[in-house]
Amino acid sequence: MITITGLQKRFGKLAVLRGIDLNIAPGKVTAIVGPNGSGKTTLIKTLLGLVRPDSGTISLAGVSLNGDPSYREMIGYMPQAGKFPENLTVSEVLRLVKDVRRHSGPLDEALFEQFQ
């Protein structure tokens, strides 16, 4: 389970996340919805470690995410729009993603083989 407690983030004078408390159950799909500018992307980027919160805690299966990037192997993220270098072929993008991941399995290899 992902547990978020008292999460806060400001950008200058703008308070984007104000005391967010959230539990995300394992094995479930969770949608974060709200109007533009409500902090959805900031919340997700905070979970991914791309944005540091000003205060509050995030834990995955009871382990604090503060400063330990190993949790990233246990979560997946699908961006709204994939942006890859325009000079790369599909095969090169897949190899780039494959090389970034620590562990590739048979499904990764099968997908990669289809684009060679």
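Using our numbering, you'd call the opening residue of the sequence shown number 210 and step up by one each time. The beta carbon of each residue, even a glycine, is placed where N, CA and C say it ideally should be. Nothing here was measured: the structure is a model prediction, and the numbers come from that model.
Within the continuous alpha helix (DSSP H) that includes residue i, where are the two ends?
| i | result |
| --- | --- |
| Val-309 | 299-309 |
| Leu-252 | 249-256 |
Suppose contacts are defined by Cβ-Cβ distances below 9 Å. Is residue i in contact with residue j by that definition?
| i | j | result |
| --- | --- | --- |
| Gly-215 | Gly-265 | yes |
| Ile-284 | Leu-257 | yes |
| Asn-232 | Ile-253 | no |
Hey, residue i and residue j are a contact pair by Cβ (cut 8 Å); roughly how many whole angstroms apart?
| i | j | result |
| --- | --- | --- |
| Thr-255 | Pro-262 | 5 Å |
| Ile-241 | Ile-229 | At roughly 10 Å, the Cβ-Cβ gap does not stay under 8 Å, so Ile-241 and Ile-229 are not in contact. |
Going by DSSP, what residue range makes up the beta strand (DSSP E) through residue i?
| i | result |
| --- | --- |
| Thr-239 | Premise fails: Thr-239 is in no beta strand (DSSP E) and is neither H nor E. |
| Lys-292 | Careful: Lys-292 lies outside any beta strand (DSSP E) and carries neither H nor E. |
| Leu-223 | 223-233 |
| Phe-220 | 211-220 |
When the Cα atoms are used, what is the spatial distance from residue i to residue j?
| i | j | result |
| --- | --- | --- |
| Gln-323 | Gly-221 | 47 Å |
| Val-302 | Asp-317 | 13 Å |
| Glu-282 | Val-309 | 11 Å |
| Leu-223 | Thr-298 | 40 Å |
| Asn-275 | Asn-296 | 36 Å |
| Thr-239 | Phe-293 | 26 Å |
| Gln-289 | Gly-246 | 15 Å |
Out of the options, state which residue places its alpha-carbon closest to the alpha-carbon of residue i.
| i | options | result |
| --- | --- | --- |
| Val-225 | Ala-240, Ile-241, Gly-248 | Gly-248 |
| Arg-219 | Val-260, Asp-277, Val-306, Tyr-280 | Val-260 |
| Gln-217 | Lys-237, Ile-267, Val-238 | Ile-267 |
| Tyr-286 | Asp-277, Leu-231, Thr-250 | Thr-250 |
| Gly-291 | Ser-279, Val-306, Asp-277, Asn-275 | Val-306 |
| Ala-234 | Leu-269, Arg-304, Gly-246 | Leu-269 |
Less than 9 Å between CB atoms is the rule here; does residue i satisfy it with respect to chain C?
| i | result |
| --- | --- |
| Phe-293 | Protein chains in the displayed structure number just one, and chain C is not present. |
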